[in-house]
Each structure stands twice: as structure tokens, then as C-alpha cells.
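S.K.:
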Amino acid sequence: MNQKERRAARGLQIVAVCCCFCLLAVGAGVTYRAMDRGKAGGSETLQKEQPVTAVQSKTIEIAQAEQQREVEKTKEIKETKEAKETKAQPARKNGQPVFAAPLEGEMKVVLGYSTDHAIYDPTLEQYRTNASVSLSAKQGTEVKAAADGVVKEVKKDAQAGNLVRIAHGEDWLTTYGQLADAVAVKEGESVKQGQRIGTVAAPTKYGVALGEHLIFAMEQNGEPQNPMEKMKTAE
Numbered sequence: 001m002n003q004k005e006r007r008a009a010r011g012l013q014i015v016a017v018c019c020c021f022c023l024l025a026v027g028a029g030v031t032y033r034a035m036d037r038g039k040a041g042g043s044e045t046l047q048k049e050q051p052v053t054a055v056q057s058k059t060i061e062i063a064q065a066e067q068q069r070e071v072e073k074t075k076e077i078k079e080t081k082e083a084k085e086t087k088a089q090p091a092r093k094n095g096q097p098v099f100a101a102p103l104e105g106e107m108k109v110v111l112g113y114s115t116d117h118a119i120y121d122p123t124l125e126q127y128r129t130n131a132s133v134s135l136s137a138k139q140g141t142e143v144k145a146a147a148d149g150v151v152k153e154v155k156k157d158a159q160a161g162n163l164v165r166i167a168h169g170e171d172w173l174t175t176y177g178q179l180a181d182a183v184a185v186k187e188g189e190s191v192k193q194g195q196r197i198g199t200v201a202a203p204t205k206y207g208v209a210l211g212e213h214l215i216f217a218m219e220q221n222g223e224p225q226n227p228m229e230k231m232k233t234a235e
């Protein structure tokens, strides 16, 4: 091979090496751009997915909060209902309310309870049955509710004067007669055992011979009961 041919061969080698370097450079550039796009794409994907995850988390939190509120609301309704039922029902023993005396101190009966036989009424000067008891008490003496209940009636009666009727649940009723005009309760009002409902007044003409007194009566399901047998000292 002469000198001219050797130069031509060397030139071709140089060209081939340069082409190789160019191809390597191009390949590296393509690879770098692909990797960069991949990173950018991955970042965009994460950015797109992140809000979705946050929204889902927020939705779950809202749902849990609403569920908790429903549970608390249901519990509150139940407790309120139970409280009303407890308030409406007096304390009971052996199926009946525990009644306290409507007057403080020792009580003197001036006209007793008697529904099975007639007893003498000194005011009317005759024998008759009596579905209540008349308890001696001076004017101004406080009269108290015998048990928890709801005031069913407040009215003025010709024979019993001002009277108050209190319902104790659905089955029991107490009546307080010969009260002063300034009655301390009104119809529909809830009262507690021992709460002041009024004071004793002067007797009407139908009970004047008994002196100053309180008329006290009890009923169970509309049937008269002897108050002296049902009353218990409030503990």
C-alpha cells in the first residue's frame, strides 16, 4: 500500500470514530431527555394523585364526623326521653307512689275517711260517707305536694274552697282542699314532692264546725283510697 492509500484509510478511520462519538452523544441526549420526561411525568402523576387522596381522606373524615353526630343525637334524644319519663313518674314502692304528708308535724284528723259506712259530720249534723280526710291546720300553714306529679286542676269549689288536684303518673291522683286564694301552682305545672302548693284558708260553711283544716284525698284509677294508710314520711 502506498502512502496515498494509507492516508485515505486513516481519514476513513477518523471519520468512523467521529461518527461513533456523535452517535454516543445523540444517544446520551435522548436517554437524558427520556429520563427527565419520566421524572417530570412521575412528578405530575404524584401531583395529580395527591389531591385525590386528600379529597378522599376529607370525605372519610366528614362521614365519620356525621356518623358521630348522629350517634350523639340519638343518645341525647334517648336521654331526654328517659328524663321526661322519670320526671313524669313518681318514686314508687311495691307498685305505688311513695306519698309524704302534705303538712309538717303531727296531723290531727278532724273528719276521717270512710267509704264503707257513714260517719257523723258535725257541720252538716248528719251521717254520711267521706272519701277524704280533714286534717287540722291553722290558717297560713303551708300545704305541700305529697309526691312528684303534674297539676291537673286548680279551681274554686263551693264545699272544699280552693282546691288543687295533682296527677302522679297515670293511675294516682291527690286533692288538696280548703286552700287560700294565693295558690302557688297552676294547671299543667310539674311539681316535686314537698313543693309548696298553697296555704290553709278559713273553712267554708260546709266545714266550719271542723275548725281550720286541710281536706286531703287520694284516688287510684278513679277509686278513692284512704290517705292515712297510703302516706309515708318522706325520707
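Every letter in the sequence shown is one number past the one before it in full-length UniProt numbering, and letter 88, counting from 1, is 88. Note that beta-carbon positions come from the ideal geometry of N, C-alpha and C, so glycine has one too.
1. In this structure, how does DSSP classify E229 when only helix, strand and coil are distinguished?
2. So who's on the other strand from V200, going by DSSP bridges?
3. Report yes if the CB atom of S134 is closer than 8 Å to the CB atom of V164, and no otherwise.
4. Nearest to K152 by alpha carbon, out of M228, V191, H213, K78?
5. Which residues mark the beginning and the end of the beta strand (DSSP E) in which F99 is found?
6. How many whole angstroms separate the CB atoms of G161 and A201, which I take to be in contact at a CB cut-off of 8 Å?
7. Please check the pair T204 and Q159, which I expect to be a contact at CB under 8 Å, by giving their CB distance rounded to whole angstroms.
8. On the three-state DSSP scale, how would you describe E142?
9. Which residues in the same chain as V183 place their Cβ atom closer than 8 Å to its Cβ, once the five residues preceding and following it in sequence are excluded?
10. Could you check what DSSP says for S132 in three-state terms: helix, strand or coil?
11. Less than 8 Å between the C-beta atoms of A137 and L210, yes or no?
12. From the DSSP secondary-structure annotation, give me the bridge partner or partners of Q126.
13. What separation, rounded to the nearest whole angstrom, lies between the Cα atoms of F216 and K186?
14. Could you check if P102 is buried or exposed, using at least 16 other CB atoms within 10 Å of its CB as the buried criterion?
15. Distance, Cα to Cα, T129 vs E79?
16. What is the DSSP secondary structure of D171, counted as helix, strand or coil?
M.R.: By the coordinates alone:
1. Helix at E229.
2. L179
3. Cβ atoms of S134 and V164: not closer than 8 Å.
4. K152 has its Cα closest to that of V191, out of M228, V191, H213, K78.
5. Run containing F99: none; DSSP gives neither H nor E here.
6. G161 to A201, Cβ: 6 Å. Contact.
7. 6 Å
8. strand
9. Cβ within range, chain order: V154, N162, V164, I197, G198.
10. coil
11. In this structure, A137 keeps its C-beta atom at 8 Å or more from the C-beta atom of L210.
12. D121
13. For F216 and K186, the distance between alpha carbons rounds to 18 Å.
14. buried
15. A straight line joining the alpha-carbon of T129 with that of E79 spans about 46 Å.
16. Here D171 sits in coil by DSSP.
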